[in-house]
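Working notes, structure below.
Protein chains in written order, with this note's numbering: chain A, 2 to 308; chain B, 72 to 458; chain C, 11 to 163.
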């Protein structure tokens, strides 16, 4: 039986889904010592490969919304000409029609090459791929977003989507933990979020350095501080797998059900189409059954080593 | 000779001397005819220019970690089973360029690979292989995304199946409900009959396309006793399977046993050489390589067969998710027999036995399943013993 | 059983217990043995026991997909391992794997916590002792976190 695609959005069926579309870098922003953000816009001469693409109506649609619509939690495959291609979560606001935003860390050959690119350079984009955060399912509930390290990047679109229809949700809480104060992402945006009266934001670091007077401790220590109704809460969690497992443990002990908790997983990906087989996690393909998974579905697989 | 009109589902007889013409007819229709031929001490799949390229009078002896060719005492065209190649080498090529790109005007342009898709005619496809092709069809054409190259190669293929006249030492298609009789997915299906004074083929017509090709060969309607002879041959093959696998509840059996010590035992033998994945007709995993020339102005993307047995396969920043041989063998076997069922609705295994034959240390997938099942029986007995 | 009783009686953890409580605990005890590499318990499993390690060494671990197993702490001879049996929802939070051949006394925590619900004096005595162990482990973990031997970040 094919797995139930609970959090899937239909994506455009490109004729050859292995062909990237050229995008031009509009801006590069350095976030921390090893993390940076790229803002991408379709390269002027690119056709978006989407079927059916019908003449004037199709072109007019592209002019209004140049960037393919994506759902919070989805990812693109970013291609550096001649170097390689990697999956990176989309971190921009899903309602922004003009550009794609990606935050990534330098960890290997392709990310090193991405880091060297400048405004005006062109890279290839394929996507969007994958399942999405349960932004719709969460309506009418409290929303708890728990981010660890660069896990904040794939969660940012979910928070944007929730905030854009704030009245549809109960309490909304953002818990963010990272290694040290100098590793905090999106500082200015965090300050804007904290300034809102309809959003609780707590930040913590594993190691307080340089005069930090905020919380120190792992991100799970923030959960008791947050106020939410566990029985009517949807939790979205992203970060290192160990952090996500402990977060789920803590949320469950607060009374949040395993089917109300969602993780975003990461595995090796070369195609993002379910063809190369590399992203398999038990019976699932992280590229198409994920990367966002309902915790109850994957709970027993998570404690299996080397799966 | 009367030439009755052939129809889908009908059976006709073609005498051995006339069989030669089948390859010519296909070739004239523009098909690239490929099929079994002897090379380097094995029966492989390659281009056939005539029926004499087939392994006439050859058979194969297969056991765990062993494959030898032997001369037969007759001149059978299809007197052997399956070798190290499978039809995936044509439908899902081992090395394939996906596109080329060149820098231009501050951006880059991609040129799709627009060659005429090959129209293959496969000669000698066994039932297990028909099931394997159908299994890969599910992967590449029935999911959310379609592999356009696979689709066009697949749609243009003409399949001449063969009902096996003997089973191999490592065959277990019966256990996997994948043979030995070809029941669907072919244009024509042959059963070769060798008698003292006569050598003929009973041909079942599978499609209109098959009927069209067959009508260009000298043939006549099959008699009742000829059809019965061919049925008997296939029935006998079903009794000769070299291996068997109990697939009762196999998905849950394996899901329960991820920590079974048997995995450690098989890991001590497994070289992670990936032979099994290369010869398996359903294994489909690949890698993608992006390359560039020295100037950096031209780039290409290539897709190549890969294997879950490599360390790279599951590598994410920091390391491989499956560093141990045990985890990689377990991944392969549980994918093939268990998680495949949840992913695609069928088993990934067709019982062709190649993985057993071509494993250098003769690891036997049927034995591994048996061992895990028995370990549960033993455990239950121990528990009852203590009560 | 007599040897078990003596071992438990001589261990500082069980010192000062009332005889009726001590007998109860002895009744819940059994000898267990783990070969090197065997798991005493796994993350996520129901926690129904705790152990007094007599010989050998146990590694408390978690694992990350790309890093493999990470040892957080080791528990050795004479030490007590496992308090999740006492604290709801009674699930292990880590894996515990025997590093060497390990002999231990396993105590039936599931049975004991039922008894603790009925006899609060027993409960208090056990919690006092475990609180002490938790404090020691917590302080040790906090100091471990300081990465005192590392170069200045």
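For every residue, glycine included, the Cβ atom is placed at its ideal position computed from N, Cα and C.
Only a predicted model underlies this, so the values are computations on that prediction, with no experimental measurement involved.
Notebook entry, point to check: Residues in its own chain within less than 7 angstroms of residue 368 of chain B by CB, not counting five upstream and five downstream?
Noted result: Residue numbering aside, residue 368 of chain B sits at position 297 when the second chain is read from its first letter. Close CB contacts of residue 368 of chain B within its chain, under the 7 angstroms cut and outside five residues either way in sequence, are with 173, 174 (chain order).
Margin query: Among B/305, B/413, B/89, B/334, whose alpha-carbon lies nearest the alpha-carbon of residue 234 of chain B?
Written below: What you label residue 234 of chain B is simply residue 163 of the second chain in a count that begins at 1. Comparing Cα-Cα distances from residue 234 of chain B to each of B/305, B/413, B/89, B/334, the minimum goes to B/305.
Next item on the list: From the DSSP output, in three-state form, read off residue 288 of chain A for me.
Entry: In the first chain, counting from the first residue as 1, residue 288 of chain A sits at position 287. In the structure shown, residue 288 of chain A sits in coil (DSSP, three-state: anything other than H, G, I, E or B).
Note to self: Going by DSSP in three states, residue 352 of chain B sits in which element: helix, strand or coil?
What the structure shows: If you number the second chain from 1, residue 352 of chain B lands on position 281. Residue 352 of chain B falls in the coil class under three-state DSSP.
Check: Fully enclosed by the segment 97-146 of chain B, which beta strand (DSSP E) runs are 3 residues long or longer?
Finding: 103-110, 113-118, 129-134, 137-142
Notebook entry, point to check: Tell me, which residues are paired with residue 216 of chain B by DSSP?
Noted result: Along the second chain, one-based indexing puts residue 216 of chain B at 145. Paired residue(s): none; residue 216 of chain B is not in a bridge.
Item checked: Test: residue 74 of chain C CB closer than 9 angstroms to a CB of chain B -> As a first step, residue 74 of chain C must be located in the third chain, where it is residue number 64. Output row for residue 74 of chain C: interface = yes.
Notebook entry, point to check: For the 8 angstroms Cβ check, are there 3 or more pairs between the segment 412-423 of chain B and the segment 197-211 of chain B?
Noted result: yes
Check: Using 8 angstroms as the threshold, is the segment 207-214 of chain B in touch with the segment 260-272 of chain B, meaning 3 or more CB pairs across them?
Finding: no
Notebook entry, point to check: Taking Cβ-Cβ distances shorter than 8 angstroms, what residues in chain B pair up with residue 123 of chain A?
Noted result: Residue 123 of chain A sits at position 122 when you count from the first residue of the first chain. Simply 177, 178, 179.
Next item on the list: Report all residues from its chain with a CB closer than 7 angstroms to the CB of residue 45 of chain C; omit the five preceding and five following residues, and keep chain order.
Entry: To locate residue 45 of chain C, count along the third chain from 1; it is residue 35. 108, 111.
Checklist line | N- and C-terminal bounds of the beta strand (DSSP E) containing residue 79 of chain C | finding: As a first step, residue 79 of chain C is located in the third chain; it is residue number 69 there, counting from the start. It spans 78-85 - the beta strand (DSSP E) in which residue 79 of chain C sits, taken as one unbroken run.
Checklist line | C-alpha gap between residue 403 of chain B and residue 240 of chain B, whole angstroms | finding: Residue mapping note: residue 403 of chain B aligns to position 332 of the second chain, counting from 1. Residue mapping note: residue 240 of chain B aligns to position 169 of the second chain, counting from 1. Going by the C-alpha atoms only, they are around 22 angstroms apart.
Checklist line | Endpoints, beta strand (DSSP E) assigned at residue 36 of chain C | finding: Taking the third chain and counting its residues from 1, the one referred to as residue 36 of chain C is at position 26. Careful: residue 36 of chain C lies outside any beta strand (DSSP E), inside the alpha helix (DSSP H) at 29-37.
Margin query: Tell me the DSSP secondary structure of residue 359 of chain B in three-state form.
Written below: Here residue 359 of chain B refers to the residue found at position 288 when the second chain is read from its first residue. If DSSP states are grouped into helix, strand and coil, residue 359 of chain B belongs with the strands.
Note to self: Between residue 245 of chain A and chain B, is the shortest Cβ-Cβ distance under 9 angstroms, so that the two count as touching?
What the structure shows: For the purposes of this step, residue 245 of chain A is taken as the residue at position 244 of the first chain. Cβ-Cβ to chain B under 9 angstroms: no for residue 245 of chain A.
Checklist line | The beta strand (DSSP E) enclosing residue 281 of chain B, as first and last residue numbers | finding: Position 210 of the second chain, counting from 1, holds the residue named residue 281 of chain B. Run containing residue 281 of chain B: none in the beta strand (DSSP E); it sits in the alpha helix (DSSP H), 279-285.
Next item on the list: Go through its chain and collect everything with a Cβ distance to residue 165 of chain A's Cβ below 7 angstroms, but skip five positions before and after it.
Entry: The residue you call residue 165 of chain A lines up with position 164 of the first chain. So the qualifying residues of the chain are 96.
Next item on the list: Taking C-beta pairs closer than 8 angstroms, name the residues in chain F that residue 43 of chain C reaches, listed in chain order.
Entry: The structure shown has no chain F; the protein chains it does contain are A, B and C.
Notebook entry, point to check: residue 391 of chain B CB to nearest chain C CB: under 9 angstroms?
Noted result: Mapped onto the second chain, residue 391 of chain B falls at position 320. Interface residue, yes.
Next item on the list: Evaluate residue 418 of chain B with the Cβ neighbour count: other Cβ atoms within 10 Å of its Cβ, from every protein chain shown; 16 or more gives buried, anything less gives exposed.
Entry: For the purposes of this step, residue 418 of chain B is taken as the residue at position 347 of the second chain. Burial call: buried.
Margin query: Just to confirm, is the Cβ distance from residue 92 of chain C to residue 48 of chain C under 9 angstroms?
Written below: For the purposes of this step, residue 92 of chain C is taken as residue 82 along the third chain, with counting starting at 1. For the purposes of this step, residue 48 of chain C is taken as residue 38 along the third chain, with counting starting at 1. No. Outside cutoff.
Next item on the list: With a threshold of 16 other CB atoms inside 10 Å of the CB of residue 270 of chain A, please say whether the residue is buried or exposed.
Entry: Counting from 1 along the first chain, the entry for residue 270 of chain A is found at position 269. Under this definition residue 270 of chain A is a buried residue.
Item checked: Simplified DSSP assignment, three categories, for residue 148 of chain A -> Stepping through the first chain from its first residue, residue 148 of chain A is reached at position 147. The answer is strand: DSSP assigns residue 148 of chain A an E or B state.
Notebook entry, point to check: Quick one: Cα of residue 40 of chain C to Cα of residue 54 of chain C, how far?
Noted result: Translated into the one-based positions of the third chain, residue 40 of chain C becomes position 30. Translated into the one-based positions of the third chain, residue 54 of chain C becomes position 44. Cα to Cα, residue 40 of chain C sits roughly 23 angstroms from residue 54 of chain C.
Next item on the list: Return the bridge partner residues of residue 265 of chain A from the DSSP annotation.
Entry: To locate residue 265 of chain A, count along the first chain from 1; it is residue 264. Per DSSP, A/293.
Note to self: Within 10 Å of its beta-carbon, does residue 134 of chain C have 16 or more other beta-carbons around it, so buried, or fewer, so exposed?
What the structure shows: Here residue 134 of chain C refers to the residue found at position 124 of the third chain. It counts as exposed.
Check: So, is the C-beta of residue 269 of chain A closer than 9 angstroms to a C-beta in chain B?
Finding: Reading the first chain from its first residue, position 268 is the one you call residue 269 of chain A. Yes, contact with chain B.
Note to self: In this structure, how does DSSP classify residue 156 of chain B when only helix, strand and coil are distinguished?
What the structure shows: Here residue 156 of chain B corresponds to residue number 85 of the second chain, with the count starting at 1. Three-state DSSP puts residue 156 of chain B in coil, outside helix and strand.
Margin query: Using 8 angstroms as the cut-off, can you tell me whether the segment 163-178 of chain A makes contact with the segment 84-93 of chain B, which would need three or more C-beta pairs spanning the two stretches below that distance?
Written below: no
Notebook entry, point to check: Does the separation of the CB atoms of residue 70 of chain C and residue 85 of chain C fall below 9 angstroms?
Noted result: Working through the third chain from its first residue, we reach residue 70 of chain C at position 60. Working through the third chain from its first residue, we reach residue 85 of chain C at position 75. Closer than 9 angstroms, so yes.
Margin query: Which same chain residues end up closer than 7 angstroms to residue 308 of chain B when comparing Cβ atoms and leaving out the 5 residues on each side of it in sequence?
Written below: By one-based count along the second chain, residue 308 of chain B stands at place 237. 235, 236, 237, 238, 251.
Note to self: Using only CA atoms, which one of B/192, B/82, B/187, B/81 lies nearest to residue 118 of chain B?
What the structure shows: The sequence position of residue 118 of chain B within the second chain is 47, counting from 1. Of all alpha-carbon atoms in B/192, B/82, B/187, B/81, the one lying nearest the alpha-carbon of residue 118 of chain B is that of B/192.
Notebook entry, point to check: Along the chain, which unbroken stretches of the alpha helix (DSSP H) at least 4 residues long are found entirely within the segment 157-200 of chain A?
Noted result: 188-196
Notebook entry, point to check: Would you report the Cα separation of residue 359 of chain B and residue 260 of chain A, rounded to the nearest angstrom?
Noted result: Numbered from its first residue, the second chain carries residue 359 of chain B at position 288. Numbered from its first residue, the first chain carries residue 260 of chain A at position 259. Looking at the two C-alpha atoms, the distance is approximately 35 angstroms.
Item checked: Expected contact under 8 angstroms - CB spacing of residue 158 of chain A and residue 94 of chain A to nearest Å -> On the first chain, residue 158 of chain A is found 157 positions in, with the first residue counted as 1. On the first chain, residue 94 of chain A is found 93 positions in, with the first residue counted as 1. With 8 angstroms as the limit, residue 158 of chain A and residue 94 of chain A qualify as a contact, their Cβ atoms being about 6 angstroms apart.
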